[in-house]
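Q: The opening position of the sequence shown corresponds to residue 0 in numbering that gives the first Met the number 0, with each subsequent residue numbered one higher.
C-beta atoms are modelled at their ideal positions from N, C-alpha and C, and glycine is treated no differently.
Once you've had a glance at the structure underneath, I'll fire off some questions.
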Amino acid sequence: MENEISLRDLFNALWKGKFVILLAVAIVVVATLIGAGIYDRSKSQVATVVTLQWEGISDGKYPDGSAFTDKHLVDPYILVATLEELELNNLNGNALRNAIAITPIVPDSIVAQIEKAIKDGKTFDYYPTHYLLALNNGALGISITQAQALLTELVEQFRIRFNRKYVNQTRVNDIINLDFTDLEYVDLYQILSRQAELIAAAVTLRMEGNEHYVSNDLKIGFNDILIRCNLLCATTLKRISSRIDTYYLAKDTEYLISQYGYEISRLKTELVKAKALETNLSDLIANYDGNTQTIILPGGDPAQVIEIDTYYNQLMDSLLNQQRLIIDLESEIGRYEKLVQRYKGEDPEYVVDPDERERQTELLEADIEAAAAALRALLNDTNIILNEHNQVLVSEIIRPLTTPQRQPKVNYTLYGAVALLIGCGLGAAIVLFRHK
Numbered sequence: 000m001e002n003e004i005s006l007r008d009l010f011n012a013l014w015k016g017k018f019v020i021l022l023a024v025a026i027v028v029v030a031t032l033i034g035a036g037i038y039d040r041s042k043s044q045v046a047t048v049v050t051l052q053w054e055g056i057s058d059g060k061y062p063d064g065s066a067f068t069d070k071h072l073v074d075p076y077i078l079v080a081t082l083e084e085l086e087l088n089n090l091n092g093n094a095l096r097n098a099i100a101i102t103p104i105v106p107d108s109i110v111a112q113i114e115k116a117i118k119d120g121k122t123f124d125y126y127p128t129h130y131l132l133a134l135n136n137g138a139l140g141i142s143i144t145q146a147q148a149l150l151t152e153l154v155e156q157f158r159i160r161f162n163r164k165y166v167n168q169t170r171v172n173d174i175i176n177l178d179f180t181d182l183e184y185v186d187l188y189q190i191l192s193r194q195a196e197l198i199a200a201a202v203t204l205r206m207e208g209n210e211h212y213v214s215n216d217l218k219i220g221f222n223d224i225l226i227r228c229n230l231l232c233a234t235t236l237k238r239i240s241s242r243i244d245t246y247y248l249a250k251d252t253e254y255l256i257s258q259y260g261y262e263i264s265r266l267k268t269e270l271v272k273a274k275a276l277e278t279n280l281s282d283l284i285a286n287y288d289g290n291t292q293t294i295i296l297p298g299g300d301p302a303q304v305i306e307i308d309t310y311y312n313q314l315m316d317s318l319l320n321q322q323r324l325i326i327d328l329e330s331e332i333g334r335y336e337k338l339v340q341r342y343k344g345e346d347p348e349y350v351v352d353p354d355e356r357e358r359q360t361e362l363l364e365a366d367i368e369a370a371a372a373a374l375r376a377l378l379n380d381t382n383i384i385l386n387e388h389n390q391v392l393v394s395e396i397i398r399p400l401t402t403p404q405r406q407p408k409v410n411y412t413l414y415g416a417v418a419l420l421i422g423c424g425l426g427a428a429i430v431l432f433r434h435k
């Protein structure tokens with residue numbers, strides 16, 4: 000009976016002091032949550048997981064073969080560019096670098112292989128392609144939103160820097176953006192042909208490993224561009240060359256003849272030099288006494304030796320090359336002299352009706368105009384698809400697998416529950432102490 004009365008008195012005392020207990024609970028809970036919040040803000044982090052994808056990354060290398068380390072993700076140039084882009088002038092690159100933690104993510108299967116290799120006394124090389132980037136925004140004194148923007152921009156700046164250094168930025172130059180009025184037909188053909196070659200070369204280079212790429216905008220691929228370019232060369236450009244060579248068409252015949260005359264003079268000068276060098280080489284060979292070297296093959300019969308004279312062989316090779324050059328020069332001179340004869344009308348083997356030549360000139364100009372228009376369209380489509388493909392390459396270099404998210408360091412629910420218990424105990428102790 001005495002115990003029951005004591006318990007009743009205890010509950011009565013606690014009930015009467017309920018406001019004191021509530022006040023104690025409130026004070027303790029509020030103080031605890033404020034303290035937890037201050038601690039949380041000082042240790043607050045925002046993190047994201049990124050994956051790296053480019054040729055060589057699985058071997059820990061950049062595309063050019065140089066070594067990659069995760070420290071390159073926080074290269075000073077990248078950090079400064081990130082801060083400038085976000086206009087965070089109150090921060091510096093060194094503080095930002097110290098606030099970023101980079102943790103490689105290694106799959107469990109790889110960890111098991113590494114452990115096995117260590118037990119076996121072997122080495123196991125593995126280069127991660129996934130990384131956890133954590134930014135301590137509490138240490139920087141910035142908000143969660145600013146920290147998320149920082150991580151996002153950091154990834155973007157790495158992509159931009161990688162793009163500038165390693166990604167093929169091929170763009171075909173427009174060399175047909177000219178006034179065709181004063182250009183000779185032969186020069187126009189050369190310009191149009193070179194434009195087609197530039198397009199084909201750029202597309203062929205990019206096709207390696209990307210044969211099936213299709214432009215989202217144009218709905219065509221590199222192979223479509225190459226086919227159009229080859230067809231243009233095999234049809235319109237071929238007709239242009241054929242008409243010029245067959246009918247010897249020119250806008251200004253006298254000017255073209257003078258140009259060919261200049262080429263003939265230049266080639267004849269080169270021919271004189273080439274023949275003089277040929278004579279010198281012939282004299283050296285004729286007067287050469289010889290300098291034979293004897294070579295015995297390792298493991299072979301000492302009686303079987305090879306005797307060579309490297310200098311004599313070099314002289315003979317030089318002489319043969321010089322003779323080929325002379326033949327080429329003489330052939331070019333003969334070709335230009337024949338062209339001059341025919342443009343002057345002095346070649347009895349070549350007679351063209353003036354009316355037919357005029358008709359062919361009209362057809363030639365129409366072909367040139369058509370070829371230029373087709374090449375401009377090809378050039379435009381080529382640069383569009385190259386630019387799109389560049390963007391695809393860059394987007395895959397570094398890709399966030401998760402959006403930057405806050406990493407909770409403090410469990411407010413747990414802290415609140417503990418504070419509630421402490422507050423209740425403290426309040427009850429105060430009430431019972433006063434009651435006693």
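So, at 6 Å on beta carbons, what are the nonlocal neighbours of V446 in its own chain, with the 5 sequence-adjacent residues on each side left out?
A: There is no way to answer for residue 446, as the model of the chain reaches only from 0 to 435.
Q: Less than 7 Å between C-beta atoms, sequence neighbours within five positions excluded: which residues of the same chain meet that for L85?
A: A148, L149, E152
Q: Counting pairs of beta carbons, one from the stretch 159-171 and one from the stretch 136-147, are three or more of them closer than 8 Å?
A: no
Q: So is N135 buried or exposed if we call it buried at 16+ other beta carbons inside 10 Å?
A: It is buried - the Cβ of N135 has at least 16 other Cβ atoms within 10 Å.
Q: Roughly how many whole angstroms lie between the Cα atoms of T31 and L420?
A: 12 Å
Q: Take E3 and list the residues in its own chain whose beta-carbon comes closer than 6 Å to its own, dropping the five residues that flank it on each side.
A: No answer about E3 holds up, because its pLDDT of 49 lies below 50 and its placement is not dependable.
Q: Taking the beta strand (DSSP E) that P399 falls in, what are its first and last residues?
A: 397-399
Q: Helix, strand or coil, according to DSSP, for K121 in the structure here?
A: coil
Q: Taking only three categories from DSSP, how would you classify V45?
A: strand
Q: Is the separation between the beta-carbon of V154 and that of P399 shorter than 8 Å?
A: yes
Q: By how many angstroms is the C-alpha of I56 removed from the C-alpha of K442?
A: Shown here, the chain extends from 0 to 435; a query on residue 442 therefore has no answer.
Q: Measure the C-alpha to C-alpha separation of L177 and E269 and round it to an integer number of angstroms.
A: 32 Å
Q: Taking one C-beta from the stretch 261-275 and one from the stretch 375-389 each time, how about it: are there three or more such pairs within less than 8 Å?
A: no
Q: Looking at the unbroken alpha helix (DSSP H) that takes in Y287, where does it start and where does it end?
A: It is not in any alpha helix (DSSP H) - Y287 carries neither H nor E in the DSSP assignment.
Q: Nearest by alpha-carbon distance to F221: which of R405, K17, L22, D380 is it?
A: D380
Q: Would you please state the rounded distance, in angstroms, between the beta carbons of L318 and A273? I believe it to be under 8 Å.
A: So it is not a contact: roughly 11 Å between Cβ atoms.
Q: What residue range does the beta strand (DSSP E) around I99 cover?
A: Where I99 is concerned, the enclosing beta strand (DSSP E) stretches over 99-103.
Q: On the premise that L236 lies in contact with A195, defined as a C-beta separation below 8 Å, what is that separation, rounded to the nearest angstrom?
A: 7 Å
Q: Hey, could you find the ends of the beta strand (DSSP E) Y130 is sitting in?
A: Where Y130 is concerned, the enclosing beta strand (DSSP E) stretches over 129-134.
Q: Span of the alpha helix (DSSP H) holding G481?
A: Here the chain comprises residues numbered 0 to 435, so residue 481 is not present and cannot be evaluated.
Q: Please classify V391: does DSSP put it in a helix, a strand, or coil?
A: helix
Q: How long is the line joining the alpha carbons of V105 and G92, rounded to whole angstroms?
A: Each residue's Cα considered, the two are about 28 Å apart.
Q: Note down, in chain order, each residue of its chain lying with its Cβ closer than 7 Å to the Cβ of R238, except the 5 sequence neighbours on either side.
A: Leaving aside the five residues that flank R238 on each side, the residues in its chain whose CB is nearer than 7 Å to its CB run, in chain order, D366.
Q: Determine, using beta-carbon pairs with one atom in the stretch 116-130 and one in the stretch 45-63, whether at least three such pairs fall under 8 Å.
A: yes
Q: Applying the criterion that 16 or more other CB atoms from any shown protein chain within 10 Å of the CB defines a buried residue, is V24 buried or exposed?
A: buried
Q: How about L248 and R356: are their beta carbons less than 8 Å apart?
A: The answer is yes: Cβ separation under 8 Å.
Q: Taking the straight line between their C-alpha atoms, what separation do you get for M0 and I20?
A: Any reading at M0 must be qualified, since the residue scores a pLDDT of 43, below 50, and its modelled position is unreliable; the value itself is stated next. So the two alpha carbons sit approximately 28 Å from each other.
Q: From the DSSP output, in three-state form, read off G422 for me.
A: G422 sits in a helix when the DSSP states are folded into three classes.
Q: Take F179 as the anchor and find which of Q404, A370, A418, A416 has the nearest alpha-carbon.
A: A370
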